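**Student:**
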Amino acid sequence: MKKIIVIISILFLGIIGVTWLYFNNLSSSEFSNDKIFSLVPNDAAIVFEYKNETTFYDIFKDFNLFNDILGKEIVSHLGAVKQIFVGNQKLMPAFAGSDVYFALNQTEKNNAHLLLLANLAKNIDAETDVINILKDKYKVYVSNYRDEKIYKIAFSNQSKFRFFVHKSIFVGSFDSLLLNKSINLIKDKNIENQFKINNNSVRNKNSIANLYLSFDKLPAFFNNFSNRKNPEETFSLKNIKATASLNINYQSNAFMFSGITNPQLNNDNYFNLFLSQQPGVNTLIKIIPFDVANYSFYYTSNYKDFKTKLQQLQVDQKKWDKLKNQLDIVSKKHAVNLDKELIPVIGKEFGVFQLAYGDKIGIVKTNNTNRLRFLLSTISSEITENISHFDDSYILEVYFGQPFENFKRPYFAFIENHLIFANNTTALNRFLKNYKNQTFLSRTDKHLAFQQYLSNQGNIFFFVHNSNSKALIKSFLSGTSYSDFKSDKFNWKDIYGFAIQFSADKDKYFTNMYMNKMPQTGNKLPSVDSLLINTN
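If you want it as structure tokens, here you go:
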């Protein structure tokens, strides 16, 4: 099966939704949906489910975003399989009314394949009814793997679709190794629902399609398409130990999902620090420049409480001794108590955004700019009239944690009630110029169209701008993956962006995810339209 190339953080999610739609009609069963998940290989990061109902196909029949992301060849393959198992009138009862599941797995390097799972109807005997019906029209080959019968249907383009049936569960794939992984789970008695999701909830049952994510599997999935070891683009994902169950909301030119993310509460990580915080409005989006490639923004309703939990996390991660030693040095050298002076003036928002050219810029909102400006002037050196340089390292990491680990001793400036910092003055000056000229991403027509479908409140906000990320995507992907990504078989150039937002609610996060095609707006703002950037 044609390899699926996924870009970064997060654009790949659209791939899932796409593929499923072309795989029609599969059943209700004697096995619960939880049993379906137990046959999904342990390295699967994404599972898409949809209801095999006429309503679903009627709604999405003209939804061409699928073709743009999956590519013509994959869609053609899926259409052929759909014709075999759904177009056959005699086979329809076997899959009628079923939920269909697709699991996306990395296989060999630079490749990913889909595993299809569904329950057969109770009155269907897989070994006799299904196979005999197929043999009436197709040549079906039979082989064995660990005493499990595998059936194969070959296509004229050399593609081969293989499947097996285990206790009324239909499992199939174009990749034999992926199919074997599922069989190994059965034979090794490693049957467990790794997603730990209640997919039988009323919310999920009433949704026409659902997306399930295993966040801690995403870094390995993405990195499979890169030749770099431990690339920084996927580093932040390693802090998210959680699974999500999201329901689809129909949009004619977008993938829109909302639902619940369940963190591993017994796991100490940065993502969990925000569970005790109330959601709030993201105002940082208003001042980021038009050439932003991505951002990660955070909101704390009670920064003091957040700082207390952050310090305990740093202790647990054995980072605190180094950081505390640095604080003691600063306090002694400058005769200042940083906790006493800094904590009261830190605002509720902070984060990092990356520009199309690769530079990263940090931002912290303050509730007392003059006080913070004076305090930092005592522990820094002036470089220009507007820019200063921290005299000591790790201060930002102490107070904000993982997002600022790469800003060990940055240059900084103030813009109204925001502290802005970067690792070089060039990036900082470019930001100051954009701010002076008011060339903000939030004022471009395309982003205005994008932003209207996102919540304006939350605790964690991630965003990727497709066009502005061209150079970063090229750097991240291997040569093989990038060639496929840029080929005319796909249409990624028409994708505008991807966003995911998390709003804390005690022990879980309400989650919104959105990815859209380029909006067809009227008059653009050519002088500040971010899509004018060309990083080919």
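Under the working numbering, think of the first position of the sequence shown as 2, with each following residue one higher. Positions of the beta carbon are idealized from the N, C-alpha and C atoms, including for glycine. Treat the numbers as computed from the prediction; the structure is a model and nothing was measured.
(1) Quick check: A113 and Y102, are their CB atoms within less than 8 Å of each other?
(2) To which residues of the same chain is S389 closer than 8 Å at the C-beta, ignoring the five residues directly before and after it?
(3) Among the residues of its own chain, which have a CB less than 6 Å from the CB of N225, if the five just before and after it don't count?
(4) Excluding sequence positions up to five away, which residues of its chain have a Cβ less than 8 Å from the Cβ of Y152?
(5) Less than 8 Å between the C-beta atoms of A505 and F464, yes or no?
(6) Between the Cα of L66 and the Cα atoms of Y271, W493, T427, which residue gives the shortest distance?
(7) Considering only residues of the region 150-201, which uninterrupted alpha helix (DSSP H) runs meet the minimum length of 4 residues and lie entirely inside it, listed in chain order?
(8) Just confirm the distance between the C-beta atoms of A210 and I249, as a whole number of angstroms; I'd bet it's less than 8 Å.
(9) Taking the beta carbon of A336 as the centre, do at least 16 other beta carbons fall within 10 Å, making it buried, or is it exposed?
(10) Which residues does DSSP pair with S389 in a beta bridge?
(11) Can S278 and N517 be called in contact, C-beta distance under 8 Å?
(12) By the three-class DSSP mapping on this structure, what secondary structure does P345 have?
(13) Do Y454 and A255 come within 8 Å of each other at the CB atom, strictly closer than that value?
(14) Quick one: what's got a C-beta closer than 7 Å to K110's C-beta in the same chain, skipping five residues either side?
(15) Look at the Cβ atom of L186, then the Cβ atom of P42, and state whether they are nearer than 8 Å.
(16) Relative to the C-alpha of K509, which residue among I184, T262, D130, E74 is closest?
(17) If G260 and K349 are in contact, beta carbons under 8 Å, what's the gap, nearest whole angstrom?
(18) I need the straight-line Cα distance from K218 to K242, nearest angstrom please.
(19) With DSSP as the reference, label I496 as helix, strand or coil.
(20) Smallest Cα separation from K471: which of L429, G359, S160?
(21) I'd like the ranges of any beta strand (DSSP E) spanning at least 3 consecutive residues and lying wholly in the region 227-292.
(22) Looking at C-alpha atoms only, which residue of N457, D485, I347, I288 is the closest neighbour of I362?
(23) For the beta strand (DSSP E) holding K361, just list the boundary residues, first then last.
(24) Give the list of continuous beta strand (DSSP E) stretches no shorter than 3 residues that lie fully inside the region 101-139.
**Tutor:** Put simply:
(1) One-based indexing of the sequence shown puts residue 113 at position 112. One-based indexing of the sequence shown puts residue 102 at position 101. No.
(2) As a first step, residue 389 must be located in the sequence shown, where it is residue number 388. Hits under 8 Å: L377, S378, S381, S382, E383, Y412, F413, A414.
(3) Working through the sequence shown from its first residue, we reach residue 225 at position 224. Cβ within range, chain order: Q107.
(4) To locate residue 152, count along the sequence shown from 1; it is residue 151. Correct list, in chain order: I132, L135, V141, Y142, V143, R163, F164, F165.
(5) The sequence position of residue 505 within the sequence shown is 504, counting from 1. The sequence position of residue 464 within the sequence shown is 463, counting from 1. Cβ atoms of A505 and F464: not closer than 8 Å.
(6) Along the sequence shown, read from residue 1 onward, the residue named residue 66 stands at position 65. L66 has its Cα closest to that of W493, out of Y271, W493, T427.
(7) 177-188, all fully within the region 150-201.
(8) Your numbering for residue 210 matches position 209 in the sequence shown. Your numbering for residue 249 matches position 248 in the sequence shown. Indeed, because the Cβ distance is near 4 Å, the residues count as touching under 8 Å.
(9) Counting from 1 along the sequence shown, the entry for residue 336 is found at position 335. With fewer than 16 Cβ atoms within 10 Å of its Cβ, A336 is classed as exposed.
(10) Here the question's residue 389 lines up with position 388 in the sequence shown. Bridge partners of S389: E383, F413.
(11) By one-based count along the sequence shown, residue 278 stands at place 277. By one-based count along the sequence shown, residue 517 stands at place 516. At residue 278 the sequence reads Gln, which differs from the Ser that was named. No, they are not a contact pair.
(12) Locating residue 345 in the sequence shown gives position 344, where the first residue counts as 1. If DSSP states are grouped into helix, strand and coil, P345 belongs with the helices.
(13) Numbered from its first residue, the sequence shown carries residue 255 at position 254. Numbered from its first residue, the sequence shown carries residue 454 at position 453. Y454 sits close to A255, with the two beta carbons spaced by under 8 Å.
(14) Locating residue 110 in the sequence shown gives position 109, where the first residue counts as 1. Around K110: N225.
(15) The residue labelled residue 186 in the question sits at position 185 within the sequence shown. The residue labelled residue 42 in the question sits at position 41 within the sequence shown. For L186 and P42, yes; Cβs fall inside 8 Å.
(16) As a position in the sequence shown, residue 509 is number 508, starting the count at 1. Here the closest residue by C-alpha is T262.
(17) In the sequence shown, residue 260 corresponds to position 259, counting from 1. In the sequence shown, residue 349 corresponds to position 348, counting from 1. Actually they are not in contact, since the Cβ atoms of G260 and K349 sit about 26 Å apart, beyond 8 Å.
(18) Here residue 218 refers to the residue found at position 217 of the sequence shown. Here residue 242 refers to the residue found at position 241 of the sequence shown. For K218 and K242, the distance between alpha carbons rounds to 9 Å.
(19) What you label residue 496 is simply residue 495 of the sequence shown in a count that begins at 1. DSSP places I496 in strand when its eight states are reduced to three.
(20) In the sequence shown, counting from the first residue as 1, residue 471 sits at position 470. Ranking L429, G359, S160 by Cα distance to K471 puts G359 first.
(21) Runs found: 243-249, 255-264.
(22) By 1-based counting over the sequence shown, the position of residue 362 is 361. Comparing Cα positions, the closest option is I288.
(23) Position 360 of the sequence shown, counting from 1, holds the residue named residue 361. Residues 361-367.
(24) Inside the region 101-139, DSSP marks whole beta strand (DSSP E) runs of 3 or more residues at positions 113-120, from first to last along the chain.
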